[in-house]
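Novice: Residues in the sequence shown are numbered consecutively from 696, following the numbering used here. First the structure, then my questions, so here it is.
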Amino acid sequence: MAEMDVALKDVMQIEGSIGAALVDHTSGMALGTVGGGKDLDLTVAAAGNTDVVRAKLRAMEMLNLMEKVEDILITLDTQYHLIRPLSSRSGKGLFLYLVLNKDRSNLAMARHQLRAVERRLDL
Numbered sequence: 696m697a698e699m700d701v702a703l704k705d706v707m708q709i710e711g712s713i714g715a716a717l718v719d720h721t722s723g724m725a726l727g728t729v730g731g732g733k734d735l736d737l738t739v740a741a742a743g744n745t746d747v748v749r750a751k752l753r754a755m756e757m758l759n760l761m762e763k764v765e766d767i768l769i770t771l772d773t774q775y776h777l778i779r780p781l782s783s784r785s786g787k788g789l790f791l792y793l794v795l796n797k798d799r800s801n802l803a804m805a806r807h808q809l810r811a812v813e814r815r816l817d818l
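Written as structure tokens, this is what we have:
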């Protein structure tokens with residue numbers, strides 16, 4: 696999956712990136728990860744954030760909202776966790792997960808750049 700590896704490397708070029716993953720939200724498994732470290736286990740984070748995505752999609756279904764989720768933002772003391780469900784036909788059921796250092800990132804720019812990576816990603 697060279698395309699996925701290139702996309703994850705592109706995501707890590709976003710200012711303040713700590714780690715990133717491409718995740719299957721049906722299984723909770725990370726298809727690929729980059730970055731992270733001893734303080735950020737991306738496979739554990741991927742599985743946990745799968746529950747977040749599922750809960751949001753379930754809530755939207757119960758509310759009869761016919762819109763799509765662009766991204767989900769979780770703000771911590773020192774980090775932003777950005778979840779971007781893929782909207783392409785080949786990316787159905789997948790999401791990009793990005794962890795940013797809050798002090799070193801520009802959230803608006805990160806969202807813009809993550810959207811651009813998604814558009815280029817063809818699985």
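Yeah, the Cβ is synthetic: ideal placement off N, Cα and C, and Gly gets one too.
1) Can you name, in chain order, every residue of its own chain whose Cβ lies under 7 angstroms from the Cβ of residue 712, other than the five neighbours on each side?
2) Should residue 720 go down as buried or exposed, given a rule of 16 or more other Cβ atoms within 10 Å for buried?
3) Tell me residue 815's beta-bridge partners as DSSP assigns them.
4) Let me know if residue 722 comes out buried or exposed under the rule of 16 or more other beta-carbons within 10 Å of its beta-carbon.
5) Once DSSP output is grouped into helix, strand and coil, what is the label at residue 776?
6) Does DSSP put residue 721 in a helix, a strand or coil?
7) I'd like to confirm the pairing. Which residues does DSSP put opposite residue 729 in its beta bridges?
8) Report the rounded CA-to-CA distance for residue 700 versus residue 775, giving the unit in angstroms.
9) Using DSSP's beta-bridge definition, name the partner residues of residue 760.
Specialist: Short version:
1) Locating residue 712 in the sequence shown gives position 17, counting from the first residue. Only 706, 730, 793, 795 meet the Cβ criterion.
2) Start at 1 with the first residue of the sequence shown, and residue 720 comes out as number 25. That one is buried.
3) Stepping through the sequence shown from its first residue, residue 815 is reached at position 120. According to DSSP, residue pairing for residue 815 in a beta bridge does not occur.
4) For this step, residue 722 is matched to residue 27 along the sequence shown. Of the residues assessed, residue 722 falls on the exposed side of the cut-off, its CB having fewer than 16 other CB atoms within 10 angstroms.
5) Taking the sequence shown and counting its residues from 1, the one referred to as residue 776 is at position 81. In this structure, residue 776 counts as strand in the three-state DSSP scheme.
6) Counting from one through the sequence shown, the residue named residue 721 turns up at place 26. Residue 721 carries a coil assignment under DSSP once its states are collapsed to helix, strand and coil.
7) Working through the sequence shown from its first residue, we reach residue 729 at position 34. Its beta-bridge partners are 715.
8) Sequence index remark: in the sequence shown, residue 700 carries index 5 (1-based). Sequence index remark: in the sequence shown, residue 775 carries index 80 (1-based). One C-alpha to the other measures close to 22 angstroms.
9) Taking the first residue of the sequence shown as position 1, residue 760 is located at position 65. Beta-bridge pairing links residue 760 to no other residue.
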